Amino acid sequence: MTIDRSQGRVARDGVEAAADVVTFTGNRGLQLEEKLIFEQGEAGRCGVDLPAAPKHTAKLGGLARKGGVGLPGLAEPQVVRHYTRLSQKNYGIDSGFFPLGSCTMKHNPRLNERMARLPGFGDIHPLQPVSTVQGALELIDTLAHWLKTLTGMPAVAMSPAAGAHGELCGMVAIKAALEARGEGHRTRVLVPESAHGTNPATAAVIGFTVDPIPATEAGRVDLAAFKAKLGPDVAAIMLTNPNTCGLFEGDIREIADAIHEAGGYFYCDGANFNAIVGRVRPGDLGVDCMHINLHKTFSTPHGGGGPGSGPVVLSERLAAYAPLPWTILKDGKFQVLEQAEGEAKAAFGRLKAFHGQMGMFVRALAYMLSHGADGLWQVSGDAVLNANYILASLKDVMTAPFEGPCMHEALFDDRFLEGTGVSTLDFAKALIDEGYHPMTMYFPLVVHGALLVEPTETEDKQTLDLFIGTLRSLAERAKAGAAEEFHAAPRLTPRRRLDETLAARKPVLRWKRAGDNAMAAE
Ligand SMILES: *Cc1c(COP(=O)(O)O)cnc(C)c1O
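Going by full-length UniProt numbering, the sequence shown opens with residue 1, and the numbers climb by one from there.
This is how it looks when you write it as structure tokens:
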């Protein structure tokens, strides 16, 4: 494939040929077809020589397994290749630009990784005597201090395991505070239409009813509509700032005052804190609680379901309800309060078995300390600058739904695709052929056919220019009538268009050996 960037378009002949190639192996160049490990091995084969097991008396009685375990037998090189190839199938922030809006796919500095592996942090256990982990507790306390300082809030719960888990923490704290006030009848939660799906889901899962607030033409909360919804049954508002359209909610102080006057709490979704860190303190805006996604603002890795961390800062009004355990400093020693008694008597319970994700705490603190106050101030500035560079560079070929500059993410709608026969989905799929993970699509819901691009602060101008050039070229090709090409995308991947609905609704998560259910891999 040849790319003629001076004209901003891709020479199509090479692409057509590559898409149609059929190979004997099913491989595409060095992209290899990968069977499941159970389909590759032979039962009974072993990669190493093991001595025969010594004689022993079985103590399991009738519970001992009678058949084989069904593990695949492979040679060591087969195992190494299998897992290496699987690891290469994962497109991550280390393989290329990852413009996923809302998710903030930041570079994970290697310094953080080194710090997290220090034995004093990496090799400890949460059940160790507290006297042997004073350093680790001090690290948690120091990170807590900086989270409170950066947000201007008096308290923080460290144990939540992700943003959505933090939302649960904050909303349960609000519920506990309402009940303590004898106002458990407040069950309505106001959620702007542009909110991340986790906000209404969190409210609903703990028994609140969700009442949506419409957005204005300018992509912000409709202040009048919000005020009209206030009443004696309102528990809280869940608001993101900057919001998921990448815009700052200018009326936020007025919103905070109004919800407080009406007797409710202000939950701020802090997933977009990376746009304002070092510049705006949510505590000054009247926020009662806010989760902080360490994997977004403070560069810890997004685990594929692995350890996440979403500490929640709390206002004076909610601090007493923070979940256990609490780490406190008494007489120069760190202690861990595990029971809802003494100063922690109003704690609403636990969210996790232990203290939270130690490895993520170490990484987040390493990020903060290596940047310093001036560095964090620059981080949010660069994130906003990069997003605006993308927005301004593409405004003439793509369409932006809202006037003016954005915060940390650039939002486009699908008006520029009108009449081309190309949908937002087609457009995003075509990006895969260009070697990019697609941007966020069809979110936020308030914008038709949304394309949300978040570059983050770590991308250099060269990377941004190549990405901008790619989007320009795709937009021009769509307008030039290349709809069929887009419908067929991605064409250069081992798998093309998947039935994503079927995959989500009926996921096949378990492999069974043909004709042998008893040997299923469980
Ligand atoms: C990412 C995100 C969340 C959820 O955070 P997780 O850590 O993925 O659970 C919530 N709200 C917004 C606005 C987000 O961007």
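Note that CB positions come from ideal geometry on N, CA and C, so glycine has one too. Predicted model only: the values in this text are computed from it and were never measured.
Check	Outcome
How long is the line joining the alpha carbons of A19 and R491, rounded to whole angstroms?	5 Å
As a quick check of your reading: which residues have a C-beta less than 5 Å from at least one non-hydrogen atom of ligand 1, in chain order?	S102, A162, G163, A164, H196, T198, T240, D269, A271, N293
From which residue to which residue does the beta strand (DSSP E) around M290 run?	289-291
Out of G381, R496, F402, which has the shortest C-alpha to C-alpha gap to E457?	G381
Less than 6 Å between C-beta atoms, sequence neighbours within five positions excluded: which residues of the same chain meet that for A340?	A347
State the CB to CB distance for the pair M158 and A144, rounded to an integer number of angstroms; the pair is presumed to be in contact (CB under 8 Å).	6 Å
By the DSSP assignment, the beta strand (DSSP E) with P77 in it spans what residues?	Counting along the chain, P77 falls outside any beta strand (DSSP E), though it belongs to the alpha helix (DSSP H) covering 76-88.
In the DSSP assignment, find the beta strand (DSSP E) that holds M238 and state where it starts and stops.	234-240
Suppose contacts are defined by Cβ-Cβ distances below 8 Å. Is T198 in contact with G250 by that definition?	no
Counting only the same chain and skipping the five closest in sequence on each side, list residues whose C-beta sits under 6 Å from that of G270.	M290, H291, I292
Take every Cβ of the segment 427-447, pair it with every Cβ of the segment 368-384, and state whether three or more of those distances are shorter than 8 Å.	no
Which same chain residues, not among the five before or five after V69, have their C-beta less than 6 Å away from its C-beta?	none
Determine, using beta carbons only, whether M115 and A366 come nearer to each other than 8 Å.	yes
Using a threshold of 8 Å, state whether the C-beta atoms of A337 and L324 are closer than that.	As written in the sequence, residue 337 is Leu, which differs from the Ala given in the question. For L337 and L324, yes; Cβs fall inside 8 Å.
Once DSSP output is grouped into helix, strand and coil, what is the label at F427?	helix
Rounded to a whole number of angstroms, what is the C-alpha to C-alpha distance between P129 and L137?	12 Å
Can you tell me the Cα-Cα spacing of G305 and P160, whole angstroms?	With a pLDDT of only 48 at G305, under the threshold of 50, the placement of this residue in the model should not be trusted; the figure read from the coordinates follows. Straight-line Cα distance between these residues: approximately 14 Å.
Classify H196: buried if its beta carbon has 16 or more other beta carbons within 10 angstroms, exposed otherwise.	buried
Using a beta-carbon distance below 8 Å, is P307 in contact with chain D?	The question asks about chain D, but that chain is absent: this structure has only one protein chain.
Thinking C-beta only, is G449 closer than 8 Å to T424?	yes
Could you pull out every residue in the same chain whose Cβ sits closer than 6 Å to the Cβ of L431, ignoring the five residues on either side in sequence?	P438
So, are the CB atoms of residue 527 and F467 less than 8 Å apart?	As shown, the chain starts at 1 and ends at 522. That puts residue 527 outside it, with no answer to give.
Helix, strand or coil for A195, going by three-state DSSP, please let me know.	coil
On a CA-only basis, which of E434, P282, P77 is nearest T151? Give me that one, please.	P282
G305 by DSSP, collapsed to three states: which one?	For G305, the pLDDT reaches just 48, beneath the cut-off of 50, and the residue's location in the model is therefore unreliable, although a value from the coordinates is still provided. Correct three-state label for G305: coil.
Take every Cβ of the segment 351-368, pair it with every Cβ of the segment 108-122, and state whether three or more of those distances are shorter than 8 Å.	yes
May I ask you to report which of helix, strand or coil DSSP gives W377?	helix
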